[in-house]
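Counted the way the numbering used here counts, the sequence shown spans residues 62 to 270.
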Amino acid sequence: MTLELLSLPSHTITRSFPIETGRTTKWSPFKIPNSLGCSSKTRNMGRFLCLSAQNRGFRETSGRVGHGDGVIIVDHGSRRKESNLMLHEFVEMVKHKTGYEIVEPAHMELAEPSISDAFESCIKQGACRIIVSPFFLFPGRHWHQDIPSSTAEAAKGHPGVSYIITAPLGLHQLLVDVVDDRIKHCLKHVAGDVDECSVCAGTGKCRLY
């Protein structure tokens, strides 16, 4: 099961959420019962609540990463050690740039740590909400099926811990800047103006053929 933030105007829910099979379960409007542990103040406000995949209850959630959140950045994984190390370096960059307390790398296949390993690491560091961020350009089988399945399996042993799987990088304007920067840097290197970038360094591939 994947999660979706649900806006609750008044006392009712009229939204649906996706489950692992890709089908949707539609929820008819209903009042939030006292058994879910929501205060009367929360039930009467249009707050954002997060549906927990483990206990099927509702929990108040924040629209930002904060204390108690663990972020997992997952890529495909490679047989090349150098490629896998780049994800670890990127995770450190994310932690430094964002200030997020808990950020862990994970590989979908071919290398460790796995999503399950990263999930456990986040829990051990005190996370009670896990945010899985796919380090993929576009949605494909891994995003639609494999990552949700692996995350749900990792979460089974941790009732009460919620998780969400975010969108892949997709058609983001900042990616245009990244591509433009790579093009310009490689052309400058070929012209002899700058050294190779960290990706090309030592490969001998940044040259005209």
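Positions of the beta carbon are idealized from the N, C-alpha and C atoms, including for glycine. Since this is a predicted model, take the numbers as computed values, not measurements.
The Cβ atoms of I191 and V222 lie closer than 8 Å to each other. Rounded to whole angstroms, the separation of the alpha carbons of E143 and V126 is 29 Å. Rounded to the nearest whole angstrom, the C-alpha separation of D242 and V132 is 27 Å.
Relative to L171, the option among C261, G253, L198 and R140 whose CA is nearest is R140.
Straight-line spacing of the CA atoms in D256 and H250 works out to 6 Å. Residue pairing by DSSP puts V164 in a beta bridge opposite V132.
Going by DSSP, P209 is part of the alpha helix (DSSP H) stretching over I208 to A216. Under the three-state reduction of DSSP output, S175 falls in the coil class, being neither helix nor strand. Taken through DSSP and simplified to helix, strand or coil, V240 comes out as helix.
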